[in-house]
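**Q**
Number of protein chains: 2
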Amino acid sequence: MANKIKFERESVVRLASQLFWQKGFHATSTRDLQEAINMRPGSIYSAFGSKEGLYNESLKDYTLQIKAQIESFLSNADSVLEGLHAFVEHVIIETKDCSPSAICMLVKANSEFAEKDANLYELSLNQAAEFEVYLTQLFEQAINNGELNSSLTALEYARFFQVQFTGLRGYFNRPDVTQLAQPMIEQMFLLIKKL
Amino acid sequence: MANKIKFERESVVRLASQLFWQKGFHATSTRDLQEAINMRPGSIYSAFGSKEGLYNESLKDYTLQIKAQIESFLSNADSVLEGLHAFVEHVIIETKDCSPSAICMLVKANSEFAEKDANLYELSLNQAAEFEVYLTQLFEQAINNGELNSSLTALEYARFFQVQFTGLRGYFNRPDVTQLAQPMIEQMFLLIKKL
DNA sequence: GTTGATTTTGAGCGATTGCTCAAGTTAAAA
DNA sequence: TTTTAACTTGAGCAATCGCTCAAAATCAAC
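Keeping their order, the protein sequence lines are chains L and H.
For the first sequence, the positions run 241 to 435 when my numbering is used.
For the second sequence, the positions run 241 to 435 when my numbering is used.
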């Protein structure tokens with residue numbers, strides 16, 4: 241053995257993730273990244289291979305973090321729907337001024353990478369698909385718990401949730417509509433229960 | 241007088257708009273634009289001032305085009321809601337494979353420009369606000385026609401429409417979910433009528 | 001045909017991009 | 001203490017970026 245790695249991969253990826261989430265892939269320069277994660281080019285490229293490699297790990301980390309966040313809200317809630325409700329309110333209202341962006345990083349990624357054969361486009365699709373599977377499991381639980389009737393399948397509920405959530409986050413990516421968020425989120429969950 | 245301008249500003253802006261819509265602002269190079277609109281740098285910069293200036297005109301043109309499209313669907317429909325329904329189906333289903341992106345250019349713009357004081361961020365907000373005003377007028381009509389009850393204001397209907405539409409377009413920005421579009425759009429308009 | 005205001009052209013500038021790699025630093029093993 | 005493999009550093013490369021401007025081309029007016 242010899243010299244040990246000085247940086248903690250987890251926290252570096254988290255910092256990079258925040259910057260990529262805020263500025264997008266193309267608008268984030270490698271010098272921006274160097275400053276944000278406090279590493280020199282050589283170290284970055286030996287650890288992650290390329291800017292694209294670092295983005296890849298960042299987006300995967302983002303997906304994991306969302307899941308972890310949801311899990312945390314679920315464990316403090318009495319039902320799946322209440323947990324999701326609290327999560328949505330947290331994301332849209334409480335973190336409005338401290339989050340890198342109001343818009344989900346997965347959605348931003350899917351929107352940014354236009355070429356259908358590009359690696360990062362595929363990545364964004366895969367992460368979104370993975371998240372949809374996770375969400376579907378949650379709605380399966382909700383159905384089994386009797387929180388929702390089974391007029392829709394769990395997958396259909398998950399799709400509906402994603403459309404609503406994405407739409408709302410997009411709408412609230414602007415100033416001075418904060419007081420609208422609460423009632424519109426309320427409306428969203430009322431609709432889910434009435435589907 | 242002397243030499244006349246050789247390009248048609250309208251069609252040039254339309255071409256630029258398509259490219260910006262597809263690739264985003266940062267990923268579109270001035271050389272990409274030169275090729276797309278068939279103009280040399282000097283002409284471009286004397287006509288539009290900068291890449292940002294051309295994008296500015298492109299986004300404004302995009303907004304006008306959407307409105308014109310909606311107007312066209314409205315004039316061929318028996319009611320406001322039917323017209324909007326046809327428009328939504330057209331955008332999400334029929335133009336899926338020929339549109340520069342499944343995602344609305346206004347939404348892409350709003351997502352791409354992170355710095356809250358940047359000109360193009362302000363522009364995206366202004367265009368979105370302008371479009372919301374337009375949509376609100378349409379829903380006012382719909383209410384006056386008795387197509388919708390007035391349990392919500394026209395503005396609230398417009399907001400709901402935008403959230404749904406944006407959410408759906410984001411969801412369908414991926415391959416192999418085409419057969420889902422029709423029923424989900426149906427569901428969207430059923431919900432609007434039942435609000 | 002000549003003039004002259006106007007537009008088009010494209011070589012190329014300075015800045016920035018993603019990234020490389022030789023040299024320096026570090027610390028476990030001998 | 002010496003060795004040596006692993007890690008960090010940062011000057012700087014080749015490519016590309018947004019953009020400029022002097023020269024060439026154009027065409028209405030005379």
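Cβ atoms here follow ideal geometry from the backbone N, Cα and C, with glycine treated the same way.
If you draw a straight line from the alpha carbon of residue 325/L to that of residue 379/H, how long is it in whole angstroms?
**A** Taking the straight line joining both Cα atoms gives about 29 Å.
**Q** Would you verify that the beta carbon of residue 374/H is, or is not, closer than 8 Å to some beta carbon of chain L?
**A** No, residue 374/H does not count as interfacial toward chain L.
**Q** Where residue 422/H and residue 333/H are concerned, what is the direct C-alpha to C-alpha distance, given to the nearest angstrom?
**A** The alpha-carbon atoms of residue 422/H and residue 333/H are separated by roughly 8 Å.
**Q** Grab me the residues of residue 256/H's own chain with a C-beta within less than 7 Å of its C-beta, minus the 5 sequence neighbours each way, in chain order.
**A** Closer than 7 Å at Cβ, skipping near neighbours: 273, 276, 277, 294 and 298.
**Q** What number of angstroms, rounded off, separates the C-alpha of residue 269/L from the C-alpha of residue 401/H?
**A** Cα to Cα, the separation comes out at about 37 Å.
**Q** Does the CB of residue 325/H have a neighbour CB from chain L at under 8 Å?
**A** No, no contact with chain L.
**Q** Counting only Cβ pairs nearer than 8 Å, list the residues of chain H close to residue 267/L.
**A** Here the neighbours are 266, 352 and 354.
**Q** Quick check on residue 419/L: buried or exposed, where buried means 16 or more other Cβ atoms within 10 Å of its Cβ?
**A** Result: exposed.
**Q** According to DSSP, simplified to helix, strand and coil, what is residue 356/H?
**A** Three-state result, residue 356/H: coil.
**Q** Who are the near neighbours of residue 390/L in its chain, counting only those whose CB is closer than 6 Å to its CB and skipping five residues on each side?
**A** Contacts found: 383.
**Q** Excluding the 5 residues preceding and the 5 following residue 229/H in the sequence, name in chain order all residues of the same chain whose CB lies nearer than 7 Å to its CB.
**A** One cannot answer for residue 229/H here, as it falls past the ends of chain H, which runs 241 to 435.
**Q** I'd like to know if residue 347/L contacts chain H, where contact means its C-beta is closer than 8 Å to some C-beta of that chain.
**A** For residue 347/L, the answer is yes, since a Cβ of chain H falls inside 8 Å of its Cβ.
**Q** Where do the N-terminal and C-terminal ends of the alpha helix (DSSP H) with residue 327/H fall, by residue?
**A** 320 to 329 is the span of the alpha helix (DSSP H), which, as asked, contains residue 327/H.
**Q** In or out: residue 427/L buried (at least 16 other Cβ within 10 Å) or exposed?
**A** Classification for residue 427/L: buried.
**Q** Provide the residue span of the alpha helix (DSSP H) that contains residue 296/L, from first to last.
**A** Element bounds for residue 296/L: 291 to 315.
**Q** How about residue 368/L and residue 385/L: do their beta carbons lie closer than 8 Å?
**A** No, the Cβ-Cβ distance between residue 368/L and residue 385/L is not below 8 Å.
**Q** Return the CA-CA distance between residue 335/H and residue 424/H, expressed in angstroms with no decimal places.
**A** Roughly 17 Å between the two C-alpha positions.
**Q** Would you mind working out which of 354/H, 330/H and 346/H sits nearest residue 341/L, comparing C-alpha positions?
**A** Ranking 354/H, 330/H and 346/H by Cα distance to residue 341/L puts 354/H first.
**Q** Please confirm whether residue 365/H has its beta-carbon closer than 8 Å to some beta-carbon of chain L.
**A** Residue 365/H counts as touching chain L.
**Q** Measuring alpha carbon to alpha carbon, tell me which residue in 305/L, 266/L, 410/L and 322/L is nearest residue 250/L.
**A** Per the Cα distances, 305/L.
**Q** Which residues in the same chain as residue 374/H place their Cβ atom closer than 7 Å to its Cβ, once the five residues preceding and following it in sequence are excluded?
**A** If we look at residue 374/H and ignore the five residues flanking it on each side, its Cβ neighbours are 307.
**Q** Let's see if you can read the secondary structure: which residues bound the alpha helix (DSSP H) around residue 426/L?
**A** Counting along the chain, the alpha helix (DSSP H) containing residue 426/L begins and ends at 418 to 434.
**Q** Using a Cβ-Cβ distance under 8 Å, would residue 271/H count as near chain L?
**A** Closer than 8 Å: no.
**Q** Taking Cβ to Cβ, would you say residue 410/H is nearer than 8 Å to residue 347/L?
**A** Result yes, Cβ atoms of residue 410/H and residue 347/L sit closer than 8 Å.
**Q** For residue 321/L and residue 387/L, which I take to be in contact (beta-carbon distance under 8 Å), what is that distance rounded to the nearest angstrom?
**A** Indeed, because the Cβ distance is near 5 Å, the residues count as touching under 8 Å.
**Q** When you measure from the CB of residue 282/L to every non-hydrogen atom of the ligand SAM, does any distance come out below 7 Å?
**A** This structure does not include the ligand SAM; it has no bound ligands of any sort.
**Q** Nearest-angstrom Cα distance between residue 245/H and residue 339/L?
**A** Cα to Cα, residue 245/H sits roughly 47 Å from residue 339/L.
**Q** Does residue 433/L come within less than 8 Å of chain H when only Cβ atoms are used?
**A** Cβ-Cβ to chain H under 8 Å: no for residue 433/L.
**Q** On the premise that residue 287/L lies in contact with residue 266/H, defined as a C-beta separation below 8 Å, what is that separation, rounded to the nearest angstrom?
**A** Incorrect: roughly 25 Å between the Cβ atoms, too far for contact.
**Q** Identify the continuous alpha helix (DSSP H) that holds residue 272/L and give its terminal residues.
**A** Looking at the DSSP string, the run of the alpha helix (DSSP H) that includes residue 272/L is 270 to 277.
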